[in-house]
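Chains as they are written, first to last, in the numbering used here: chain A, 1 to 497; chain B, 498 to 652.
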């Protein structure tokens with residue numbers, strides 16, 4: 001790649017960072033209450049919230065790691081990535097109940113929802129917050145590492161400096177305008193990802209002639225070896241299952257689909273919606289934008305396979321290079337949008353997870369421990385914590401690469417195990433009581449830590465599947481064998497809504 | 498469809514399904530697990546959409562049930578065609594996709610997304626009408642009048 005091309009790519013991406021900062025700066029005038037700062041509660045319409053949800057869900061892993069897995073192991077990962085139905089499902093399961101909770105009390109965070117549902121139970125709030133923190137910090141570190149290393153590698157810059165330039169700006173606008181700035185910048189970054197998707201999809205069809213050609217060449221290529229790197233092909237690699245054990249495909253269907261309803265970036269957006277009756281419309285916007293991102297990952301993997309199978313490029317050293325290989329082959333316009341799109345994916349997810357981490361450490365856990373502050377003071381404390389956490393995350397992500405890799409196994413499943421017993425079971429079933437959810441949350445946190453420490457679960461299922469199933473089972477079992485708890489009339493109305 | 502009084506039983510079934518799917522997953526029974534996964538999701542959606550314990554028949558028969566059938570069919574076709582064309586180039590494609598993967602693309606992905614999303618929009622009043630929401634907020638205000646205001650989340 002020529003220096004001129006690199007300069008254009010970086011300039012375009014930095015323009016996106018500047019626009020994000022300006023949106024974040026502008027958004028501060030909308031931060032008139034602490035609910036706005038922490039949760040954007042009831043503030044935005046379905047288009048903005050829908051785009052923001054997609055952008056926050058689709059991390060850099062979705063754009064880089066998923067096509068990489070599909071390049072390496074075939075289509076099993078498509079069950080995860082083509083899960084666009086999950087948003088409507090999440091809103092059907094939990095949408096009106098979560099939104100209704102903000103009508104019966106002040107809701108600006110997941111901790112507030114827990115307080116309202118479980119009578120300010122400290123153990124539930126703290127264990128859920130700790131598990132959330134674990135999952136969010138893992139995601140945050142992975143986004144910072146991916147975004148920083150991409151541009152450091154491209155321009156030969158120092159990764160730490162690159163990290164500070166990109167994610168320091170992000171931490172700054174998040175500190176200034178909180179979730180309002182976060183949600184609006186995520187919506188903008190979601191748009192960037194959609195445009196990037198349109199560009200790369202057009203490039204894919206232009207280069208390959210369509211999926212039929214990809215299927216034909218990959219079925220016939222057998223193996224391509226260049227410089228001791230071999231890419232094996234087979235007629236089966238583009239069937240529904242690819243080369244992974246099929247049971248992995250099963251878990252990659254169930255966990256993302258049902259996991260969506262438990263992701264903080266989805267639940268928090270349910271109460272950010274101004275008119276709850278717009279939730280079906282939001283489901284449509286979210287599904288369509290997610291479909292675009294899903295198609296992007298599909299064409300990237302197929303495009304890279306086609307290029308390698310036809311000998312137009314060498315086999316990739318790593319599957320994660322698939323998106324860049326296709327963009328580089330497609331020309332400068334595709335490169336501009338793909339690099340900006342990957343950065344947008346990293347930034348949108350990072351801003352959401354930074355915000356949740358900050359809310360957990362500066363507000364939810366101190367509050368559960370009895371430290372309460374006036375709203376204005378609380379916002380000031382959270383601004384400082386957002387900046388401190390942002391800086392600490394950048395340093396940690398860049399300097400502790402191995403640990404980030406280990407933490408990278410946390411994320412989706414960990415977040416699901418934190419929220420599913422507390423909110424999904426708790427808001428669908430009035431019989432779920434404090435003891436049951438407390439036990440489920442503690443077991444969920446403990447099993448996450450045990451898995452982190454290297455415990456091997458039986459079978460080929462990803463470890464988080466076992467953790468989620470057991471934490472749900474413990475919640476329900478303990479709720480059933482302990483005394484039914486009275487709940488107040490307003491909460492009863494929400495659960496029956 | 499009245500779920501009042503059956504919610505605890507449904508939650509117990511969903512919990513059993515989680516454990517059964519996990520056990521089947523350990524033993525590589527992927528296809529049965531996927532079918533049971535659809536039942537699990539269907540039950541959660543029924544609980545989530547129930548209003549005062551009642552599931553709208555329109556929402557169930559035009560949205561949830563067709564979605565469940567579509568996904569079960571798509572998983573079956575994905576498996577059937579993958580087995581049929583194992584190790585060989587498929588004799589036909591669907592818009593260029595391997596027939597096995599076409600079931601995922603058009604059934605699981607696009608079909609599932611459109612069935613749930615479009616029907617959700619079409620029957621949004623069955624999910625929650627404006628009147629129903631207004632009644633809820635009015636009820637909350639009435640409870641507030643006769644009870645101490647709920648403290649809720651600390652700000």
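C-beta atoms are modelled at their ideal positions from N, C-alpha and C, and glycine is treated no differently.
In this text the structure is predicted, and so the values were computed from the model without any measurement.
Same chain, Cβ closer than 7 angstroms to residue 182 of chain A, neighbours up to 5 away in sequence not counted: Here residue 182 of chain A is taken as the residue at index 182 of the first chain, counted from 1. These residues qualify, in order along the chain: 174, 351, 352, 355.
DSSP beta-bridge partners of residue 551 of chain B: As a position in the second chain, residue 551 of chain B is number 54, starting the count at 1. Answer is B:499, B:548.
Beta-carbon spacing of residue 427 of chain A, residue 97 of chain A below 8 angstroms: Here residue 427 of chain A is taken as the residue at index 427 of the first chain, counted from 1. Here residue 97 of chain A is taken as the residue at index 97 of the first chain, counted from 1. In this structure, residue 97 of chain A lies closer than 8 angstroms to residue 427 of chain A by Cβ.
Pair within 8 angstroms by beta-carbon distance, residue 66 of chain A and residue 225 of chain A: Position 66 of the first chain, counting from 1, holds the residue named residue 66 of chain A. Position 225 of the first chain, counting from 1, holds the residue named residue 225 of chain A. Not in contact: residue 66 of chain A and residue 225 of chain A (Cβ atoms no closer than 8 angstroms).
Where residue 497 of chain A sits in the DSSP three-state scheme: Taking the first residue of the first chain as 1, we reach residue 497 of chain A at position 497. Coil at residue 497 of chain A, not helix or strand.
Residue 223 of chain A (DSSP reduced to helix, strand or coil): Locating residue 223 of chain A in the first chain gives position 223, where the first residue counts as 1. In the structure shown, residue 223 of chain A sits in a strand (DSSP, three-state: E or B).
8 angstroms contact criterion, which residue 435 of chain A and residue 379 of chain A should meet: CB distance rounded: By one-based count along the first chain, residue 435 of chain A stands at place 435. By one-based count along the first chain, residue 379 of chain A stands at place 379. With a Cβ gap of about 34 angstroms, residue 435 of chain A and residue 379 of chain A do not count as contacting.
Extent of the continuous beta strand (DSSP E) run through residue 232 of chain A: Along the first chain, one-based indexing puts residue 232 of chain A at 232. 229-232 is the span of the beta strand (DSSP E), which, as asked, contains residue 232 of chain A.
Close Cβ partners of residue 104 of chain A (< 8 angstroms) along its chain, the five nearest in sequence each way excluded: As a first step, residue 104 of chain A must be located in the first chain, where it is residue number 104. Once the five neighbours on either side are set aside, the close Cβ partners of residue 104 of chain A are 116, 490, 491, 493, 494.
Test: residue 370 of chain A CB closer than 8 angstroms to a CB of chain B: Start at 1 with the first residue of the first chain, and residue 370 of chain A comes out as number 370. No - not a single Cβ of chain B is within 8 angstroms of the one on residue 370 of chain A.
Proximal chain B residues relative to residue 429 of chain A, where beta-carbon distance stays under 9 angstroms: Taking the first residue of the first chain as position 1, residue 429 of chain A is located at position 429. Within 9 angstroms Cβ-Cβ: 504, 505, 507, 508, 544.
Those residues which DSSP pairs with residue 591 of chain B across a bridge: For the purposes of this step, residue 591 of chain B is taken as residue 94 along the second chain, with counting starting at 1. Partner(s): B:594.
Minimum Cβ-Cβ distance from residue 617 of chain B to chain A less than 8 angstroms: Taking the second chain and counting its residues from 1, one reaches residue 617 of chain B at position 120. Yes, contact with chain A.
For residue 461 of chain A, the three-state DSSP class (helix, strand or coil): Position 461 of the first chain, counting from 1, holds the residue named residue 461 of chain A. Residue 461 of chain A falls in the coil class under three-state DSSP.
CB contact flag (residue 88 of chain A, residue 614 of chain B, <8 angstroms): Counting from one through the first chain, the residue named residue 88 of chain A turns up at place 88. Counting from one through the second chain, the residue named residue 614 of chain B turns up at place 117. In contact: residue 88 of chain A and residue 614 of chain B (Cβ atoms closer than 8 angstroms).
Alpha carbon of residue 6 of chain A to alpha carbon of residue 386 of chain A, nearest angstrom: The sequence position of residue 6 of chain A within the first chain is 6, counting from 1. The sequence position of residue 386 of chain A within the first chain is 386, counting from 1. Approximately 32 angstroms between the Cα atoms of the pair.
Members of the region 518-548 of chain B that neighbour chain A once the beta carbon cut-off is set at 8 angstroms: 518, 519, 522, 523, 524, 525, 526, 527, 528, 530, 531, 534, 537, 538, 541, 542, 544, 545, 546, 548
Within chain B, partners of residue 291 of chain A - CB distance below 7 angstroms: Mapped onto the first chain, residue 291 of chain A falls at position 291. The answer, in chain order, is 610.
Nearest-angstrom Cα separation, counted from residue 340 of chain A out to residue 81 of chain A: Locating residue 81 of chain A in the first chain gives position 81, where the first residue counts as 1. Locating residue 340 of chain A in the first chain gives position 340, where the first residue counts as 1. Answer to the nearest angstrom: the Cα atoms are 20 angstroms apart.
C-beta neighbour in chain B for residue 459 of chain A, strict 8 angstroms: Position 459 of the first chain holds residue 459 of chain A. Closer than 8 angstroms: yes.
Proximal chain B residues relative to residue 473 of chain A, where beta-carbon distance stays under 8 angstroms: As a working note, residue 473 of chain A is residue 473 in the first chain. Going along chain B in sequence order, the residues near residue 473 of chain A (Cβ under 8 angstroms) are 512, 515, 516.
Neighbouring residues, chain A, relative to residue 597 of chain B (Cβ below 7 angstroms): By one-based count along the second chain, residue 597 of chain B stands at place 100. 239, 240, listed in chain order.
Euclidean distance between Cα positions of residue 652 of chain B and residue 375 of chain A: By 1-based counting over the second chain, the position of residue 652 of chain B is 155. By 1-based counting over the first chain, the position of residue 375 of chain A is 375. With a pLDDT of 42 at residue 652 of chain B, under the threshold of 50, the modelled position of that residue is not reliable, and the figure given next carries that caveat. The straight-line gap from Cα to Cα measures roughly 5 angstroms.
Counted within 10 angstroms of its Cβ, other Cβ atoms place residue 533 of chain B as buried (16 or more) or exposed: Here residue 533 of chain B corresponds to residue number 36 of the second chain, with the count starting at 1. Burial call: buried.
Residue 376 of chain A at chain B interface by Cβ criterion, 8 angstroms: By one-based count along the first chain, residue 376 of chain A stands at place 376. So, not an interface residue.
Residue-chain proximity (residue 633 of chain B, chain A), Cβ-Cβ < 8 angstroms: Position 136 of the second chain holds residue 633 of chain B. So, interface residue.
At least three beta-carbon pairs within less than 8 angstroms, the region 388-397 of chain A to the region 210-227 of chain A: No: the two stretches stay apart, fewer than three of their Cβ pairs being nearer than 8 angstroms.
8 angstroms contact criterion, which residue 180 of chain A and residue 31 of chain A should meet: CB distance rounded: Taking the first chain and counting its residues from 1, the one referred to as residue 180 of chain A is at position 180. Taking the first chain and counting its residues from 1, the one referred to as residue 31 of chain A is at position 31. Contact flag correct, Cβ pair sits at about 5 angstroms.
DSSP three-state assignment for residue 44 of chain A, whether helix, strand or coil: Sequence index remark: in the first chain, residue 44 of chain A carries index 44 (1-based). In the structure shown, residue 44 of chain A sits in a strand (DSSP, three-state: E or B).
At least 3 beta-carbon pairs within less than 8 angstroms: the region 578-587 of chain B vs the region 196-205 of chain A: no
Three-state secondary structure assigned by DSSP to residue 273 of chain A: Translated into positions along the first chain, residue 273 of chain A becomes position 273. If DSSP states are grouped into helix, strand and coil, residue 273 of chain A belongs with the strands.
Simplified DSSP state of residue 278 of chain A, which is helix, strand or coil: Taking the first residue of the first chain as 1, we reach residue 278 of chain A at position 278. Shown here, residue 278 of chain A sits in a helix according to DSSP, grouped into three states.
Within chain B, the residues that residue 383 of chain A reaches when beta carbons sit closer than 7 angstroms: In the first chain, counting from the first residue as 1, residue 383 of chain A sits at position 383. Those do not exist, as residue 383 of chain A stays about 15 angstroms from chain B at its closest Cβ, beyond 7 angstroms.
Where the alpha helix (DSSP H) containing residue 378 of chain A begins and where it ends: Translated into the one-based positions of the first chain, residue 378 of chain A becomes position 378. Looking at the DSSP string, the run of the alpha helix (DSSP H) that includes residue 378 of chain A is 375-399.
Same chain, Cβ closer than 6 angstroms to residue 247 of chain A, five either side skipped, listed in chain order: Counted from its first residue, the first chain places residue 247 of chain A at position 247. Excluding positions up to five away in sequence, the list reads 460.
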